[in-house]
Structures are given as structure tokens and as C-alpha cells.
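*Asks:* Structure provided below as C-alpha cells; questions to follow.
2 protein chains.
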Amino acid sequence: MTDPGLSAAAATVNGHRLTRKGRQTRDRIVAVAAGLMQERGVARTTIEDIQAAAGVSSSQLYHYFADKGALVAAVIELQGQRVLDVQHLGLDRVNCVDDLWRWRDLVMGIRTAQNCVGGCPLGSLAADLSETDALARAQLGRWFAEWERILRTGLAAMASAGQFVDGTDTDRLALALLAATQGGLLLSQVHRDTAALAAAMDTVIAQIGTHLTEAAAKAVRHR
Amino acid sequence: MTDPGLSAAAATVNGHRLTRKGRQTRDRIVAVAAGLMQERGVARTTIEDIQAAAGVSSSQLYHYFADKGALVAAVIELQGQRVLDVQHLGLDRVNCVDDLWRWRDLVMGIRTAQNCVGGCPLGSLAADLSETDALARAQLGRWFAEWERILRTGLAAMASAGQFVDGTDTDRLALALLAATQGGLLLSQVHRDTAALAAAMDTVIAQIGTHLTEAAAKAVRHR
Numbered sequence: 001m002t003d004p005g006l007s008a009a010a011a012t013v014n015g016h017r018l019t020r021k022g023r024q025t026r027d028r029i030v031a032v033a034a035g036l037m038q039e040r041g042v043a044r045t046t047i048e049d050i051q052a053a054a055g056v057s058s059s060q061l062y063h064y065f066a067d068k069g070a071l072v073a074a075v076i077e078l079q080g081q082r083v084l085d086v087q088h089l090g091l092d093r094v095n096c097v098d099d100l101w102r103w104r105d106l107v108m109g110i111r112t113a114q115n116c117v118g119g120c121p122l123g124s125l126a127a128d129l130s131e132t133d134a135l136a137r138a139q140l141g142r143w144f145a146e147w148e149r150i151l152r153t154g155l156a157a158m159a160s161a162g163q164f165v166d167g168t169d170t171d172r173l174a175l176a177l178l179a180a181t182q183g184g185l186l187l188s189q190v191h192r193d194t195a196a197l198a199a200a201m202d203t204v205i206a207q208i209g210t211h212l213t214e215a216a217a218k219a220v221r222h223r
Numbered sequence: 001m002t003d004p005g006l007s008a009a010a011a012t013v014n015g016h017r018l019t020r021k022g023r024q025t026r027d028r029i030v031a032v033a034a035g036l037m038q039e040r041g042v043a044r045t046t047i048e049d050i051q052a053a054a055g056v057s058s059s060q061l062y063h064y065f066a067d068k069g070a071l072v073a074a075v076i077e078l079q080g081q082r083v084l085d086v087q088h089l090g091l092d093r094v095n096c097v098d099d100l101w102r103w104r105d106l107v108m109g110i111r112t113a114q115n116c117v118g119g120c121p122l123g124s125l126a127a128d129l130s131e132t133d134a135l136a137r138a139q140l141g142r143w144f145a146e147w148e149r150i151l152r153t154g155l156a157a158m159a160s161a162g163q164f165v166d167g168t169d170t171d172r173l174a175l176a177l178l179a180a181t182q183g184g185l186l187l188s189q190v191h192r193d194t195a196a197l198a199a200a201m202d203t204v205i206a207q208i209g210t211h212l213t214e215a216a217a218k219a220v221r222h223r
């Protein structure tokens with residue numbers, strides 16, 4: 001997804017186009033803020049922390065962002081784009097359940113490489129901001145809806161390829177898969193262990209597998 | 001679960017037993033702190049906010065809690081006990097998959113009554129504290145392990161009652177059910193809509209249903 005909000009906000013400040021250097025400075029501030037907020041949470045990250053870590057002055061920072069809320073909005077766009085890039089990588093060419101298993105292995109591989117430190121960037125921001133910032137909650141809701149759409153599109157492609165028996169509610173299975181992945185990511189963060197993520201994804205993909213046609217089920221290799 | 005840490009901490013301060021009134025004051029402080037932290041997050045809740053909302057002086061509050069960390073630990077115990085009380089209510093007498101559906105309806109009923117406002121009290125604290133407070137993460141990990149144990153015990157009871165075919169990994173299904181529930185609660189918070197929670201719980205319980213013996217499957221009424 002190319003987000004119009006991000007592009008517009010990144011390309012201009014007060015209606016003026018940013019220079020290449022200006023754009024780089026802005027992007028560095030957002031990346032640094034995203035890292036600190038992922039580590040500490042939004043409330044524990046001050047504008048001063050971000051300035052110091054990004055090596056910019058207060059006037060530079062306020063040149064690009066009117067207030068912390070504007071910076072949080074930019075962080076949500078960055079993290080949304082990062083998370084969804086991975087989902088596109090794993091899900092854009094789904095034709096059979098083996099492709100879902102490959103996506104599962106991609107997510108597990110990333111989580112293992114992270115040693116289960118940190119939560120899902122979108123999930124963490126959602127838990128952090130949903131009750132205190134209605135705009136952020138709406139913005140995060142749009143990113144989760146986009147993630148759900150990618151999963152739905154993948155399962156719909158499988159349906160188009162004749163993989164599922166009639167009456168299979170692929171949209172609902174896609175939503176369940178997203179929820180299971182989110183919960184697995186949270187539990188893996190608490191326990192510093194991938195077991196919950198693996199169990200959750202495997203169980204929902206196995207359930208998706210029960211809706212396959214006989215021919216599609218026979219062709220499954222991965223499990 | 002009766003948590004020995006909670007009882008001990010509640011009954012004594014610096015080795016002295018609390019009076020009934022002292023215990024009531026302490027409990028009120030913890031309940032007020034839990035409410036504010038659930039609403040705003042831990043970092044956005046100051047000791048001063050808690051004092052004001054509980055109607056206690058600074059010296060009263062510090063009589064019971066050495067610092068904010070001690071108060072956070074007491075909040076985790078309170079929320080853990082509250083969440084697990086509901087799980088016990090729904091899961092302590094599980095004998096068949098219909099009992100799981102009844103638990104699902106209980107969780108959905110609570111979430112609907114909440115209008116999907118707020119996250120799971122344990123899940124929210126886990127997302128909030130896991131990266132900044134290793135003690136809190138460990139404490140939350142113990143509560144999630146206890147929740148997982150309750151689910152495992154329920155599925156094990158079904159297995160003992162001859163409900164599952166041989167080789168069914170009920171422990172892994174229990175963990176998947178917990179993760180799906182957590183993810184569903186988070187997405188329901190973001191979207192203010194129970195759809196994700198319902199899809200996640202239904203999909204995992206349906207998958208548990210695929211492991212039933214033929215006789216057990218025939219006896220299912222609820223779905």
C-alpha cells in the first residue's frame with residue numbers, strides 16, 4: 001500500500017516541498033522515534049530523547065513536526081509500512097496452503113531472529129495508544145484493516161484457484177489468522193519464546209486446511 | 001490460583017500485619033491504580049494521579065508501597081486474579097467441546113458488555129511493560145502460564161473423558177487458543193468490534209473439534 005498520508009506529509013512542510021536533505025532529516029527523526037517508542041513505549045519517549053538520539057535541534061524537529069502527536073502519526077505510518085512490506089513479501093503470491101506455510105515460516109524466522117524481543121510494531125502501538133489517542137487508534141485500525149485485506153486477498157486467490165470447498169468463509173479465516181498471529185506475537189514477547197506464535201499460526205492454518213477440496217488437500221507438501 | 005505473593009504483601013507491611021482498615025485502604029489504592037493504568041497505561045499514570053483518585057495522602061500511599069514498581073506489581077496481581085477468576089468460571093468444568101463454546105460465549109459476552117473498550121488487562125500490561133520492566137514481564141509471564149494451565153487442564157479433562165482421538169496435542173491446542181484469544185482481544189480493542197475475537201476463538205475451537213472422536217463429534221450440540 002502506498003499511503004497518501006505518508007507521502008504528502010513527507011514531501012512537504014507547511015506546503016513547501018522538502019529538499020532531499022530535508023527529507024532525509026525528517027526520515028531520520030521518524031526512524032529514531034520509532035525505535036525509541038518500540039523500545040520504551042510512546043509515553044516514556046520524550047521529544048528531548050528523540051532530538052538527542054537523532055542529533056537534531058529542537059527547532060529542526062519542530063520544523064518537521066508540529067507536536068508529539070504529529071511525530072506519533074509519522075511513526076505509525078513508518079511501522080505500518082514496514083510490517084505490511086513483510087506481509088506483502090509473504091502473501092502476495094498465495095495460491096495454495098503451502099504458500100501460507102511459507103509465510104508462517106517467514107514470520108517465525110523473523111521472530112526467531114529477534115529473539116522474541118519487542119512486540120509487533122503495530123500491535124505494540126495499538127495496545128499503547130488505543131485508549132488515550134482516538135486518532136492514533138483510527139490510524140492503526142486502518143493499518144490492521146490493510147493487513148487483513150492482504151490475508152483476505154491471499155485466501156481469495158486460493159479460492160479462485162479452486163482450492164476450497166464451497167461455502168468456505170475465507171474472509172473470516174483471514175481475520176482469525178491475523179488475530180492468532182497478533183496474540184502469538186504478544187505471548188512470544190512475554191515469554192521470550194516462539195512456541196505460542198507457532199502454535200497459534202499452525203492451528204489456524206491447519207483449520208484453513210480442513211476447508212480444502214480433496215484434490216487440493218492431496219497436493220499439500222509442507223505439512 | 002491463590003497467589004502467595006499477593007496474600008503476603010496484602011497482609012503485612014514491613015513485617016507488620018495490616019488491620020482490616022489498613023487492608024481496605026491498600027486494596028482501594030491498588031484498585032484505583034489498576035483502573036487508571038488500564039485506561040492510560042502505566043507511564044501516563046503518576047503516583048499523584050493515584051493519590052488523588054484514591055483520596056489518600058502521599059505518606060499513606062508510601063506506607064503501603066515503597067515505590068511505583070511495588071504498586072505496579074500489586075496491580076499485576078490484582079488484574080491477573082480478576083482475569084483468571086473469569087477463566088476459572090468458564091473452564092473449570094470442561095468435559096466436552098460444548099463447554100468450550102460456552103466459555104467462548106462468556107468471553108464474548110464480557111467483551112460485548114465492555115463495548116470493546118480497553119484491552120485484556122493482562123495483555124495490555126504485557127505490551128506496556130515487557131520491554132522496560134523485566135520483573136513485570138516475568139510476573140506477567142507467570143499469570144499467562146497460569147491461564148494456559150487452566151486451558152490445558154480443560155482440554156486434558158476432555159481427553160480423559162475420551163473425547164479426543166489418540167495423538168491429539170491438547171497442550172498445543174490450549175496455547176493456540178490462548179494466543180488467538182489475546183490477538184482477538186487486541187484487534188477488538190483497535191476496531192471497537194468483536195468480529196476478530198469471535199473469528200479467532202471460533203476458528204481455534206473448530207480446529208479442536210477436528211480432533212474429536214466420531215462419537216464425541218456426534219454429541220456436539222452447540223455448533
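These protein sequence lines are chains S and P, in that order.
The UniProt record's numbering applies: residue 1 is where the first sequence begins, and numbers increase by one.
The UniProt record's numbering applies: residue 1 is where the second sequence begins, and numbers increase by one.
Ideal placement from N, C-alpha and C gives every residue a C-beta, glycine not left out.
To the nearest angstrom, report how far apart P:Glu148 and P:Arg111 are at their CA atoms.
*Replies:* If I take the Cα positions, the gap works out to 20 Å.
*Asks:* Identify, in the order they occur along the chain, each residue of the same chain with its Cβ nearer than 8 Å to the Cβ of P:Arg221, setting aside the five sequence neighbours on each side.
*Replies:* For P:Arg221, where only same-chain residues beyond five positions count, the Cβ hits under 8 Å are Asp98.
*Asks:* When you compare the CB positions of P:Cys120 and P:Gln182, do they come within less than 8 Å of one another, or not?
*Replies:* Yes, the Cβ-Cβ distance between P:Cys120 and P:Gln182 is below 8 Å.
*Asks:* Just to make sure I have the definition right: I need the residues of chain S whose C-beta is within less than 8 Å of the C-beta of P:Leu155. Which are they?
*Replies:* In chain order: nothing, as chain S lies at least about 12 Å away.
*Asks:* Leaving out five residues on either side along the sequence, give the residues of the same chain with a beta carbon under 8 Å from the beta carbon of S:Leu150.
*Replies:* For the record, residue 150 of chain S in the displayed sequence is Ile; it is not Leu. Here the set comprises Leu84, Gln87, His88, Leu91, Asp92.
*Asks:* Considering only residues of the same chain and omitting the five flanking positions on each side of S:Thr213, which have a CB-CB separation below 8 Å?
*Replies:* Result list for S:Thr213: Gly162, Gln163, Phe164, Val165, in chain order.
*Asks:* Which residue marks the beginning of the alpha helix (DSSP H) containing S:His191, and which one marks its end?
*Replies:* Taken as a continuous stretch (DSSP letters only), the alpha helix (DSSP H) holding S:His191 covers 170-191.
*Asks:* To the nearest angstrom, how far is it from the Cα of P:Glu131 to the Cα of P:Ala215?
*Replies:* Distance between the alpha carbons of P:Glu131 and P:Ala215: 47 Å.
*Asks:* Determine the burial state of S:Leu155: buried for a count of at least 16 other Cβ atoms within 10 Å of its Cβ, exposed for fewer.
*Replies:* It is buried - the Cβ of S:Leu155 has at least 16 other Cβ atoms within 10 Å.
*Asks:* Would you identify the three-state DSSP class for P:Ala9, choosing helix, strand or coil?
*Replies:* At P:Ala9 the pLDDT is 49, less than 50, meaning the model places this residue with poor confidence; the figure from the coordinates comes in the next sentence. Helix at P:Ala9.
*Asks:* P:Phe144 CB to nearest chain S CB: under 8 Å?
*Replies:* Interface residue, yes.
*Asks:* What are the complete alpha helix (DSSP H) segments, minimum 4 residues, inside the region 11-79 of chain P?
*Replies:* Whole alpha helix (DSSP H) segments, 4+ residues: 20-40, 47-54, 58-64.
*Asks:* Measure the alpha-carbon distance for S:Trp101 versus S:Arg20 and round it to whole angstroms.
*Replies:* Straight-line Cα distance between these residues: approximately 41 Å.
*Asks:* Taking the alpha-carbon of P:Ala144 as reference, which of P:Met158, P:Ser160, P:Gly123, P:Leu129 has the nearest alpha-carbon?
*Replies:* Strictly speaking, residue 144 of chain P in this sequence is Phe, with Ala absent from that position. The shortest C-alpha separation from P:Phe144 is found at P:Gly123.
*Asks:* Taking the C-alpha atoms as reference points, what is the distance between P:Thr45 and P:Val72?
*Replies:* Looking at the two C-alpha atoms, the distance is approximately 10 Å.
*Asks:* Would you kindly check if the distance between the Cβ of S:Arg137 and the Cβ of residue 226 of chain P is under 8 Å?
*Replies:* Given that chain P is displayed from residue 1 to residue 223, the structure contains no residue 226 of chain P and the question cannot be resolved.
*Asks:* What are the boundary residues of the alpha helix (DSSP H) that includes residue 279 of chain S?
*Replies:* With chain S represented from 1 up to 223, any question about residue 279 of chain S goes unanswered, as that position is not in the structure.
*Asks:* Quick check: is the beta carbon of P:Ala199 nearer than 8 Å to any beta carbon in chain S?
*Replies:* Cβ-Cβ to chain S under 8 Å: yes for P:Ala199.
*Asks:* Is S:Gln163 near the ligand COA, in the sense that its beta carbon is under 7 Å from a heavy atom of that ligand?
*Replies:* This structure simply doesn't include the ligand COA, nor any ligand for that matter.
*Asks:* Please report the residue range of the alpha helix (DSSP H) in which P:Asp105 lies.
*Replies:* Its alpha helix (DSSP H) spans residues 97-113.
*Asks:* Taking just the CA atoms, how far does S:His211 sit from P:Ala134?
*Replies:* Distance between the alpha carbons of P:Ala134 and S:His211: 42 Å.
*Asks:* Between S:Thr112 and chain P, is there a C-beta pair that is closer than 8 Å?
*Replies:* Chain P contact via Cβ: absent.
*Asks:* Of all the CB atoms in chain P, is at least one closer than 8 Å to the CB of S:Glu131?
*Replies:* Taking Cβ atoms only, chain P reaches closer than 8 Å to S:Glu131, which makes this a yes.
*Asks:* Here's the rule: buried if 16 or more other CB atoms are within 10 angstroms of the residue's CB, otherwise exposed. What is P:Thr12?
*Replies:* Its Cβ having fewer than 16 others within 10 Å, P:Thr12 is exposed.
*Asks:* Determine the closest residue to P:Leu36 out of P:Ala54, P:Gly22, P:Thr25, with distance taken between C-alpha atoms.
*Replies:* Residue P:Ala54 is the option with its Cα nearest to P:Leu36.
*Asks:* From P:Ala206 to P:Phe65, what does the alpha carbon distance come to, in whole angstroms?
*Replies:* Straight-line Cα distance between these residues: approximately 46 Å.
*Asks:* Using a Cβ cut-off of 9 Å, pull out every chain P residue sitting near S:Thr181, in sequence order please.
*Replies:* What S:Thr181 touches in chain P: Ala179, Gly183.
*Asks:* Output needed for P:Ala126: all residues of its chain with C-beta closer than 8 Å, excluding positions within five of it in sequence on either side, in chain order.
*Replies:* Correct list, in chain order: Arg137, Leu140, Phe144.
*Asks:* Cβ of S:Val190 less than 8 Å from any chain P Cβ?
*Replies:* With 8 Å as the cut-off, S:Val190 counts as an interface residue toward chain P.
*Asks:* Quick check: the Cα distance between S:Val204 and S:Arg172, rounded to an integer number of angstroms?
*Replies:* Looking at the two C-alpha atoms, the distance is approximately 11 Å.
*Asks:* Give the straight-line distance between the Cα atoms of S:Leu186 and S:Ala217, rounded to the nearest whole angstrom.
*Replies:* Taking the straight line joining both Cα atoms gives about 31 Å.
*Asks:* Tell me which residues share the same chain as S:Leu175 and place their Cβ nearer than 7 Å to its Cβ, disregarding the 5 neighbours each side in the sequence.
*Replies:* Contacts found: Glu148.
*Asks:* Would you call the CB atoms of P:Ala31 and P:Leu78 closer than 8 Å?
*Replies:* The answer is yes: Cβ separation under 8 Å.
*Asks:* Smallest Cα separation from P:Leu178: which of P:Arg192, P:Arg104, P:Met158, P:Gln114?
*Replies:* The residue with the shortest Cα to Cα distance from P:Leu178 is P:Arg104.
*Asks:* Short of 8 Å Cβ to Cβ, which residues in the region 80-100 of chain S face chain P?
*Replies:* Answer in chain order: no residues at all.
*Asks:* So with Cβ pairs under 8 Å, would you call S:Arg221 a contact of chain P?
*Replies:* No, no contact with chain P.
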